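Residue numbers (the working numbering), protein chains in the order written: chain A, 183 to 546; chain B, 183 to 546.
2 protein chains.
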Amino acid sequence: MKPIAPVSVHVELGPRSYDISIGSGLLGEAESYRHFLLGRRCMIVSNDVVAPLYAARLASALRSAGVTAQTIVLPDGEDRKNWPTLQTLLDALVEARCDRDTVLLALGGGVTGDVAGFAAACYMRGVAHAQIPTTLLAQVDSSVGGKTGINHVRGKNLIGAFHQPVAVVADIDTLDSLPPREFRAGLAEVIKYGAVADDEFLAWLESHFPSLLVRDKRALVEAVARSCAIKAAVVASDERETGRRAILNFGHTFAHAIETGAGYGSWLHGEAVGCGMVMAGELSVRLGLVKRELTERIDRLVAAAGLPVRPPPISADRFVTLMRSDKKVKANELRFVVLESAGRACVRSVAEDEVAGLIESFTN
Amino acid sequence: MKPIAPVSVHVELGPRSYDISIGSGLLGEAESYRHFLLGRRCMIVSNDVVAPLYAARLASALRSAGVTAQTIVLPDGEDRKNWPTLQTLLDALVEARCDRDTVLLALGGGVTGDVAGFAAACYMRGVAHAQIPTTLLAQVDSSVGGKTGINHVRGKNLIGAFHQPVAVVADIDTLDSLPPREFRAGLAEVIKYGAVADDEFLAWLESHFPSLLVRDKRALVEAVARSCAIKAAVVASDERETGRRAILNFGHTFAHAIETGAGYGSWLHGEAVGCGMVMAGELSVRLGLVKRELTERIDRLVAAAGLPVRPPPISADRFVTLMRSDKKVKANELRFVVLESAGRACVRSVAEDEVAGLIESFTN
Chain A
183 MKPIAPVSVH VELGPRSYDI SIGSGLLGEA ESYRHFLLGR RCMIVSNDVV
233 APLYAARLAS ALRSAGVTAQ TIVLPDGEDR KNWPTLQTLL DALVEARCDR
283 DTVLLALGGG VTGDVAGFAA ACYMRGVAHA QIPTTLLAQV DSSVGGKTGI
333 NHVRGKNLIG AFHQPVAVVA DIDTLDSLPP REFRAGLAEV IKYGAVADDE
383 FLAWLESHFP SLLVRDKRAL VEAVARSCAI KAAVVASDER ETGRRAILNF
433 GHTFAHAIET GAGYGSWLHG EAVGCGMVMA GELSVRLGLV KRELTERIDR
483 LVAAAGLPVR PPPISADRFV TLMRSDKKVK ANELRFVVLE SAGRACVRSV
533 AEDEVAGLIE SFTN
Chain B
183 MKPIAPVSVH VELGPRSYDI SIGSGLLGEA ESYRHFLLGR RCMIVSNDVV
233 APLYAARLAS ALRSAGVTAQ TIVLPDGEDR KNWPTLQTLL DALVEARCDR
283 DTVLLALGGG VTGDVAGFAA ACYMRGVAHA QIPTTLLAQV DSSVGGKTGI
333 NHVRGKNLIG AFHQPVAVVA DIDTLDSLPP REFRAGLAEV IKYGAVADDE
383 FLAWLESHFP SLLVRDKRAL VEAVARSCAI KAAVVASDER ETGRRAILNF
433 GHTFAHAIET GAGYGSWLHG EAVGCGMVMA GELSVRLGLV KRELTERIDR
483 LVAAAGLPVR PPPISADRFV TLMRSDKKVK ANELRFVVLE SAGRACVRSV
533 AEDEVAGLIE SFTN
């Protein structure tokens, strides 16, 4: 059988540009790191689930690349993406006397990447970091684009920074160890890219979904690489989300309300996004922007991924209240990413009673 | 008597450029704010000492400028420039439902400016802030240049961000209420600018020090404006302190060790900088870079400002240990800003035993 060729995706951001490497076996290869780490001191930042699986392999590859690394292990889980965890990490960096030239390597899923990236943004007013995502969600979404942060009890990612990594190394072999529920959650963001930015990719997903569901490595490399390429193009055009980048939040205003309303950690982010995309699709239809045939294609993919298509029992009132505290809200308008056509999305303001009616149609 | 003309200093940082307004009576004038705040929502961030003096006057000027503002009052003091204070402020922003278009107005000294600026850097991954410094130290130094952050028990400003303000409004009338000890501490940074960047300004200070000491407003406007102009030029050439900006840390490696060694809050930052400049001057002489006549000019200004010229009783060993945890240390070298000539400075690595000998000459 032919070996699986690795793919490189460039994120063009001027002086903050970097490459995403996607392939099989990258994590354990010195070549994955030498070009951006040579001679630098590293801190591997991981969590108590991922570190036992991959930290030693990573450290060994780094040694082969001539890089010294220590490891800091944080608690895992969306409910630990908070102040105390950030403080634990920053304290550890101070204790280890990390200097301004230290590079943090975030080894884990979205929570680890967000916390490690934010710590890198804040430590000594900013040190470098690289992302080594080990979940599908992190590989296709959270490791790319420089959004870092922690949750506040009143809302997700309310505290954070834009801080681009110096490199992303996505080894799809690490997905072998991913629990089925987390793998499915990651598919939500993959579907999202097709829905909002690339109709051809949406069609590719429809024909390759069976291969993805059995974690076929060639299919995974292609899905991750195409997702990253879409995200890279959007981020390159609007790094700080003053405009177009907002389309990547398709389904996310609903999703954040679901996550907060259900309690952090009870719904996975990707599960909430899956359901949120179904709701945002329905909103697009109600606004007369697209035909139901399009949103049904998305709904079918969400369902095929085994993701929920209905929200948890949260009253429409509470739902709307939760959405009002979303970061994307401006001056109390409710704003949503909606579909304009297959592979195209935009942002619209919607009256609160219209949104409440939509929510009721899902929860009654 | 002729009115005192306000002065404007431009900080050129491309898309992050802004102006510093320096003058008498600016704080209470709507014109000081209209051009950068019109139609925006503001949060005044102040402290329990400054808010009772100036918050109402500021809020009234903002109302005249058509701007809505609430006020958040934080505890004051270098020992409160920490996690709990930052968290209190961020919680208050969340509670008040501040959105991404909110502007934070830091009204107070360096601690308030640093904490408010860092909160602005982190809240929703970055909102705008303006600085309204009410201490001499903040007017000439900390409000300009975008360095924000909090202290860690193991070192000053270890956690923070570069986040430029959108404007700085320095009303020298607020210096009327400044306690004598804090006023003198602010003079340390003024002397620093002459020492490291502008021999002519150093000479101006020598002839105008009596006027400054009695807080003559014309002299103050000129001293603040010239200090800001020097800082603006240095920051414009090296925003993130990868090179030349480091000269602004003249005396600061010693000062940070003094502040930490003596316990935050027992020495004021400016007092430590005054003493630190005397020590760094002596180091420059010992390295054979400058003649004692030059450093004696600086020593005389520090003494005339009523600032300490000898460090507190910290052993040389402990002093060196404290300096090793300074942010500016790279790979365990001890690096110092030293004088090359009048109005010129550079960074040098110095052997630890040489530094220890220097410290002993001051503390024995």
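Yeah, the Cβ is synthetic: ideal placement off N, Cα and C, and Gly gets one too. Fair warning: this is a prediction, and the values are worked out from it, not measured in the lab.
- For E464(A), same chain residues with a beta-carbon under 8 Å away, outside a window of 5 residues either side, are T477, L540, S543, F544 in chain order.
- A Cβ-Cβ separation of about 6 Å places S359(B) in contact with L235(B) under the 8 Å criterion.
- The C-alpha of H434(A) is placed about 27 Å away from the C-alpha of V227(A).
- When CB distances to chain B are screened at a threshold of 8 Å, not a single residue of the stretch 244-262 of chain A falls below it.
- Not a single CB atom of chain B sits nearer than 7 Å to the CB of A439(A).
- Taken in chain order, the complete alpha helix (DSSP H) segments of 4 residues or longer contained in the stretch 440-479 of chain B are 451-468.
- Taking every protein chain shown into account, the CB of H345(B) has 16 or more other CB atoms within 10 angstroms, so this residue is buried.
- Less than 7 Å separates the beta-carbon of R307(A) from that of G342(B).
- Annotated three-state conformation of F432(B) is coil, per DSSP.
- For the stretch 277-300 of chain A, the set of residues with a beta-carbon nearer than 7 Å to any beta-carbon of chain B comprises R279, D281, R282, D283, in chain order.
- C410(B) and V326(B) do touch by the CB rule: their CB atoms are close to 6 Å apart, below 8 Å.
- When Cβ-Cβ separations below 7 Å define contact, H311(B) makes no contact with chain A.
- The C-alpha of A524(A) is placed about 10 Å away from the C-alpha of R479(A).
- D398(B) and A243(B) have their C-alpha atoms roughly 25 Å apart.
- Nearest Cα to G291(B) within the set L357(B), I254(B), N333(B): L357(B).
- Inter-residue distance for E364(A) and T317(A) is about 8 Å (C-alpha atoms, whole angstroms).
- One Cα belongs to A498(B), the other to H438(B), and the distance between them is close to 14 Å.
- The shortest CA-to-CA distance from E534(B) to any of A310(B), L521(B), V502(B) is the one to V502(B).
- By the beta-carbon neighbour count (other beta carbons within 10 angstroms, threshold 16), E536(B) is exposed.
- Residue burial annotation: S190(A) is exposed, with fewer than 16 other C-beta atoms found within 10 angstroms of its C-beta.
- With fewer than 16 other CB atoms across the displayed protein chains lying within 10 angstroms of its CB, R245(B) is exposed.
- Our two residues, V297(B) and T442(A), have alpha carbons roughly 28 Å apart in a direct line.
- At a cut-off of 7 Å between beta-carbon atoms, F544(B) makes no contact with chain A.
- The CB of S507(A) comes closer than 9 Å to the CB of V276, R279 in chain B, given here in chain order.
- For C457(A), no chain B residue has a Cβ inside 7 Å of its Cβ, as the nearest lies near 24 Å away.
- Spanning the alpha carbons of A247(A) and H311(A) requires a straight line of approximately 17 Å.
- Going by DSSP, V193(B) is part of the beta strand (DSSP E) stretching over 189-193.
- Listed as beta-bridge partners of R526(A) by DSSP are S523(A).
- Around Q269(A), the beta-carbon contacts reaching into chain B at under 8 Å are W265.
- Your pair Q321(B) and V406(B) checks out as a contact, with CB atoms roughly 5 Å apart and the cut at 8 Å.
- Around D258(B), the same chain offers N229, D230, V231 as residues with beta carbons nearer than 6 Å, after the five sequence neighbours per side are excluded.
- Contact between L521(A) and A377(A) holds, since their C-beta atoms are separated by about 7 Å, short of 8 Å.
- Separation of the CB atoms of A349(A) and D201(A) is rounded to 6 Å, and the pair is thereby assigned contact status at 8 Å.
- DSSP, reduced to helix, strand and coil, places I254(A) within a strand of the structure shown.
- Straight-line spacing of the CA atoms in R216(A) and R222(A) works out to 10 Å.
- For E421(B) and A414(B), the gap between their C-alpha atoms comes out near 10 Å.
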